[in-house]
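Encoded as structure tokens, the structure appears first; notes follow it.
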Amino acid sequence: MELALGVVLDASADAARTTELARQADAGGLDLVVLRGGPDTGLDPWTAAVWVAGVTDRIAIGTTGFGPPPEHEMPYPSVVEKARESAALLTGRRLVDGEPWATAPAGADRAALEALAADGRTVVVPVTDAEDVARLVALVGPVAGRRRTAAARALRRAGIDYDGVPASLAATAVEPGDPEYLAVSSTYLRGGAPGLVLRPETPEQVADALAFARAHTHVPLGVRSGGHGVSGRSTNDGGVVIDVGRMNRIEVLDASRRLVRIGPGATWKQVAAALDPYGWALGSGDYGGVGVGGLATAGGIGLLGRAHGLTIDRLRAVELVLADGTPVRATADEHPDLFWAVRGAGANFGVATAFEVEAYDVGEVGWAKLGLVSTDLEKSLLRFGEVATAAPRDTTVFLVTGRPQRGQSMIQLYAIVDSPDPQVVVERLQPFLDLGVLVQQEAFMARYKDIMGQAPDVGPEGHHGQGEPVSRSAFLPGITPQAAHDTAELLRSGRVFFFQLRTMGGAIADVPADETAFAHRTPAFQATAMGVDQADLDARWDRLAEHFDGLYLSFDTDLRPERLHDAFPPEVLARLRELKRRYDPDALFRDNFPIDPRTTT
Amino acid sequence: MTDYGHDLLFGTFLTPSAQDARQAIDLAVASDRAGLDLVTFQDHPYQPAFLDTWTLLTYVAARTERVHLSGNVLSLPLRPPAVLARAAASLDLLSGGRVDLGLGAGAFWDGIAAMGGRRLTPAQGVDALREAITIIRDLWDTGTRGGVRRDGTYYQVVGAKRGPAPAHDIPIWVGAYKRRMLALTGEMADGWLPTLEYLPDGVGSFPALNARIDEAAVSAGRSPRDVRRLLNIMNVRFSATGRGVLDGPVDQWVEQLTGLALEHGVTAYLIGGDDLPTVERFAAEVVPAVREAVARERG
Ligand SMILES: Cc1cc2nc3c(=O)[nH]c(=O)nc-3n(C[C@H](O)[C@H](O)[C@H](O)COP(=O)(O)OP(=O)(O)OC[C@H]3O[C@@H](n4cnc5c(N)ncnc54)[C@H](O)[C@@H]3O)c2cc1C
């Protein structure tokens, strides 16, 4: 019989000891701490109970023996009610009402405890020191996976077979009542409340997680690496998340060929830092916090792009676990079709567990962040279109702007010039300075790792996203006067708070279109617009469609089916669908531009 | 030039938002980790979008290690003095002496009345606060024998048992703006805690208001130094060009805070905005520079 045990702590004893014993009971897997007041109890019961909830992670907390306060010490009932609601929210409903437990005498033996527990109640035992608590912890014994209190189990979501979590994943799985839950529920830009987060650390464990996911197709499935997905719904509400964030090793395989093996859970900041000592780099996106898994399966349009191509252009092998749990290695020679598909549409085909890349030599580069105020946005965009594409390929510049204010737009430029010569860097940046009035400039020689390193580390509290990002994306063959005009108009509407142009061309365009599932090789720019209301943004963005040539899927949150056709030209989509039928016939992978294997359109 | 010579305290002035409870906790934990001295939360029990400030404060105290915590300021009309005294002393004991007590006479009387609280005029509010502070200190004073008996107009305690005694001398800081409340602050509080945005002339208000507190302190037989001057600054941000108080580059923040300390004797700064990067930058770049500048000037 599984015994649910708790401790009774004397709340008048010294505060530090109360804290310590409550923590011990919590860590040891006991179910309940009861704080007992008495005639000489100093502590305020509410404050003490909330305190104990704060110093523990999962255990439930009750109080007994405090008695009602004297009349002049009565708090307002409305405030008491509010305090209860707040505590429920803060502690995950761990403060229990009433006294739904049975109390055993101190030192009661197992038989006595079992007798008291016969009616299903938690049995609490008075304790005074660590030894007492340890005795109870030993009686409860170790449990498979982790032990969850009744309060924690009450937060489980419908439709998930929690008892069926594969043994290999039970110890690290996180569910809503767990202390780490908040840290794994949101992603960088999205709030979520998944029903279960599985955290595999090996391809075998990924296969176990996928077996569990195959039995749960009635709830959403998200695949997560670095948690920076925009189009990729790597968190959800009430579904399953497979989080490979812990698979984050970075290992040099062959220094002579600059061949590096990278786990999907690494961030680009970590990758840049690991390659730097060798004098190498691997272009990623513009933000070092982004994860390898999501970006290296989609494209990777970054600030070394014109000089060295997309991130996926440097992949030499991808290892992934397919929907049915089979591990495969895809290279130009092994499963070449899959290797093609994973470079641009990877999220549809499996969970990538390792990437092998060929890095390149990169020394000091010129790095600049320029702020320019423009009173004629249209003209500035047009001019940017000219100079950014005319620049030599060692120069990649991204443009960001937001809502114009009082007729003025703040334009931010982010630039890398892949040259160790400051003279060249200055020369390359010069043409960009007349986009507006220069009000801010930061330009220096830097290592790629320092540029990626500007992103702060994600702490143990995890990501903080809330709500849903609202974003649209497109490729632009160039910036025509009409495109500049319509874009300026869109920004003047005030409904787009973030607009970015990522410059492509150069080495990106050297690669033939049929080389990878990322087939849009010729556009000059990738554009992203973020707003607050999807329908509103869709209506406005759709109006610009004549200027577009497809879209980069990573930045588009529109769920209308036409978007799939924008992401993949017809012959590419047809080939992908064919492969989807082969590798994921039941469409298990569906959190990021899902391709339906059943239809033909 | 008035410098009362207190050590400097730096902290945050946070919103106890229920929807963003997580953010409120993260900001508090980050403040602690970044080495700030104080985390404070607004208290508006009648505001449905907010958490109960005392519960949040307690929970946050349990999840932090060094930082002090305070309501900023707790609403006396909805928190009877005896309840406050015992709760504050309890948390002070549990947290190892990390509780400070910011108190206000009440604002938004409609909200207070809707929660079942008593509606008072401003003058009554001052008297009620005076009675409350006396009772709170009596209850903390376990060195004196016998129960506490106070038969006030607003609060009556009849032979209440003393204790618990807090782990440290909990300072009582009062949110005050008007003449009578400032006088009460000088007469009996350990600190004055206004919000910059509510001062009639912003920073320019300090000479006159400080003088009022100083005067009241002296006539009560205390020293002006017995009253620390604290300040909430709600709208802050780091920006490239200086636009206002704590709205500009780091250097300007440093200069402004140093000026507040040396010219107006304001030695505790609590920033609003609920923005993690701003809090971290404040702690990393502004705090050490202000400490250094003030130490240098004080010699
Ligand atoms: C601030 C910011 C800046 C960005 N800048 C750029 C940029 O400059 N250039 C650019 O190209 N992109 C950029 N991106 C887009 C980014 O590349 C994608 O959002 C990417 O999916 C994030 O990867 P992740 O692992 O962090 O995300 P996650 O949220 O972990 O994953 C996102 C999606 O990727 C898929 N996925 C994740 N892991 C795996 C895996 N192991 N195997 C298979 N599929 C997986 C899933 O569909 C998942 O939903 C940026 C995003 C942000 C938030």
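Sequences listed follow chains Y and P, in order. Heads up, the first sequence is in our numbering, so the first residue is 1263 and it goes up one at a time. Heads up, the second sequence is in our numbering, so the first residue is 61 and it goes up one at a time. Heads up, the beta-carbon is just placed ideally off N, CA and C, and yes, glycines get one too. Quantities reported herein were computed from a predicted structural model and do not represent experimental measurements.
Along chain P, in chain order, which residues have C-beta atoms closer than 8 Å to that of aspartate 1272 of chain Y? Contact note: aspartate 1272 of chain Y does not reach chain P at a C-beta cutoff of 8 Å; the least C-beta distance is about 14 Å.
Which chain Y residues sit within Cβ distance under 8 Å of tyrosine 214 of chain P? Correct list: empty, because the minimum Cβ distance to chain Y is about 11 Å.
Ligand 1 heavy atoms versus the CB of asparagine 1854 of chain Y: any closer than 6 Å? yes
Determine which residues of the segment 1322–1351 of chain Y have a Cβ less than 8 Å from any Cβ of chain A, and write them out in chain order. Of the protein chains in the structure, Y and P, none is chain A.
Please decide whether valine 1459 of chain Y counts as near chain P, where near means a Cβ-Cβ distance under 7 Å. no
Unbroken beta strand (DSSP E) run spanning isoleucine 1574 of chain Y, endpoints: First-last for isoleucine 1574 of chain Y: undefined, no H or E at that position.
Would you tell me roughly how many angstroms separate the C-alpha atoms of alanine 183 of chain P and leucine 269 of chain P, rounded to the nearest one? 18 Å
Taking 8 Å as the cut-off, does the segment 330–344 of chain P touch the segment 68–76 of chain P (at least 3 CB pairs, one atom from each stretch)? Touching, yes.
Any C-beta of chain P sitting closer than 7 Å to the C-beta of glutamine 1702 of chain Y? yes
Along chain Y, in chain order, which residues have C-beta atoms closer than 9 Å to that of alanine 220 of chain P? Neighbours of alanine 220 of chain P on chain Y, chain order: Pro1332, His1334 and Glu1335.
What does the Cβ neighbour count give for alanine 142 of chain P, buried or exposed, with the cut at 16 atoms within 10 Å? buried
For a cutoff of 7 Å on Cβ pairs, would you count glycine 1304 of chain Y as touching chain P? Chain P places a beta carbon closer than 7 Å to that of glycine 1304 of chain Y, counting this residue as a contact.
Strictly by DSSP, which residues pair up with leucine 1763 of chain Y? Y:Leu1661 and Y:Ala1789, per the DSSP bridge assignment.
In the segment 1706–1739 of chain Y, which residues sit with their C-beta less than 9 Å from some C-beta in chain P, listed in chain order? Pro1718, Gly1721, Glu1723, His1726 and Gln1728
Does the distance from the CB of methionine 1714 of chain Y to the CB of alanine 1534 of chain Y come in under 7 Å? Yes, these two residues count as a Cβ contact at 7 Å.
With DSSP as the reference, label phenylalanine 298 of chain P as helix, strand or coil. strand
Could you pull out every unbroken alpha helix (DSSP H) segment of at least 4 residues lying fully inside the segment 134–190 of chain P, listed in chain order? 141–155 and 169–174
What does the alpha-carbon distance come out to for the pair alanine 1266 of chain Y and arginine 1860 of chain Y? 50 Å
Going by DSSP in three states, alanine 1406 of chain Y sits in which element: helix, strand or coil? Its pLDDT being 48, under 50, alanine 1406 of chain Y is placed unreliably in this model, and the value from its coordinates should be taken loosely. Three-state result, alanine 1406 of chain Y: coil.
Identify every run of the beta strand (DSSP E) within the segment 1591–1648 of chain Y, keeping only runs that are complete inside it and at least 3 residues long; order them along the chain. 1613–1620 and 1627–1636
Output the boundary residues of the alpha helix (DSSP H) element that contains glutamate 352 of chain P. 347–358
Counting Cβ pairs, one atom from each stretch, are 3 or more of them under 8 Å apart for the segment 1718–1728 of chain Y and the segment 1759–1779 of chain Y? no
Hey, would you say phenylalanine 1694 of chain Y sits closer than 7 Å to valine 1649 of chain Y, going by beta carbons? yes
Classification of phenylalanine 1646 of chain Y by the beta-carbon crowding that lies within 10 angstroms, buried from 16 upward: buried
Identify the contact partners of aspartate 92 of chain P in chain Y, using a Cβ-Cβ distance below 8 Å as the criterion. Ordered by position in chain Y, no residue passes the 8 Å Cβ test against aspartate 92 of chain P, which lies about 12 Å from the chain.
Can threonine 1365 of chain Y be considered in contact with ligand 1, in the sense that its beta carbon sits closer than 6 Å to one or more heavy atoms? With a cut-off of 6 Å, the C-beta of threonine 1365 of chain Y is classified as distant from ligand 1, since no heavy atom of the ligand falls inside that distance.
Ignore the nearest five residues each way along the sequence and tell me which others in alanine 1528 of chain Y's own chain have a CB closer than 6 Å to its CB. Only Asn1510, Ile1512 and Val1554 meet the Cβ criterion.
Give a single yes or no on whether histidine 1570 of chain Y has its beta carbon closer than 6 Å to a heavy atom of ligand 1. When distances are taken from the beta-carbon of histidine 1570 of chain Y to the heavy atoms of ligand 1, even the shortest one reaches 6 Å or more.
Just reading off the beta strand (DSSP E) that methionine 1707 of chain Y is part of, what are its end residues? 1699–1708
Have a look at Y:Val1624, Y:Ser1642, Y:Arg1690 and Y:Asp1623 and flag the residue whose alpha-carbon is nearest the alpha-carbon of alanine 1653 of chain Y. Y:Arg1690
Measuring CB to CB, does valine 1446 of chain Y end up less than 7 Å from valine 1427 of chain Y? no
Count Cβ pairs between the segment 241–259 of chain P and the segment 271–278 of chain P that sit closer than 8 Å; are there 3 or more? The segment 241–259 of chain P, when compared against the segment 271–278 of chain P, does touch it at the 8 Å Cβ threshold.
Measure the alpha-carbon distance for valine 1834 of chain Y versus valine 1503 of chain Y and round it to whole angstroms. If you take the alpha carbons of valine 1834 of chain Y and valine 1503 of chain Y, they lie about 28 Å apart.
Closer than 6 Å to a non-hydrogen atom of ligand 1 - does that hold for the CB of aspartate 1858 of chain Y? no
Would the beta-carbon of phenylalanine 1617 of chain Y fall within 7 Å of that of alanine 1536 of chain Y? no
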